[in-house]
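Numbering (the numbering used here), first residue to last: 25 to 145.
Okay, structure coming up:
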């Protein structure tokens with residue numbers, strides 16, 4: 025299995041991730057803490073690790089990364105062999121440290137947004 029460069033954000037401004045997770049770490053951007061989406065592309069079934077998440081909209085279940093790409097989260101969190109392979113490669117390439125799985129934090133944000141939306145209808 026190979027890891028390859030992704031299309032520029034101008035060619036691929038948005039994509040949908042299934043079997044997604046979110047990790048917080050240090051080492052990709054020096055000592056700065058960054059969060060990254062990890063998942064399986066819905067259209068290609070290939071694994072993907074995002075650049076740093078800049079914003080997350082729990083109501084829309086999507087986040088914008090430092091490149092400007094928008095990741096739409098579909099379904100529930102999960103894991104796949106493809107995303108695990110790409111994630112392991114990412115961690116091997118970068119000096120990742122202080123790694124934390126923060127997926128449940130986003131799930132909680134999504135659930136709170138759903139409850140708020142239900143109350144306003």
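Don't be surprised by glycine CBs; every beta carbon is placed ideally from N, CA and C.
An exposed status is given to residue 90, since fewer than 16 other beta-carbon atoms sit within 10 Å of its beta-carbon.
Between the region 51-68 and the region 111-129, the count of Cβ pairs shorter than 8 angstroms is three or higher; the stretches touch.
Spanning the alpha carbons of residue 98 and residue 87 requires a straight line of approximately 12 angstroms.
Residue 70 carries a coil assignment under DSSP once its states are collapsed to helix, strand and coil. The C-beta distance from residue 79 to residue 141 rounds to 19 angstroms, too long to meet the 8 angstroms contact threshold. Per the DSSP secondary-structure output, residue 118 pairs with nothing in a beta bridge. The straight-line gap separating the alpha-carbon atoms of residue 133 and residue 29 is approximately 31 angstroms.
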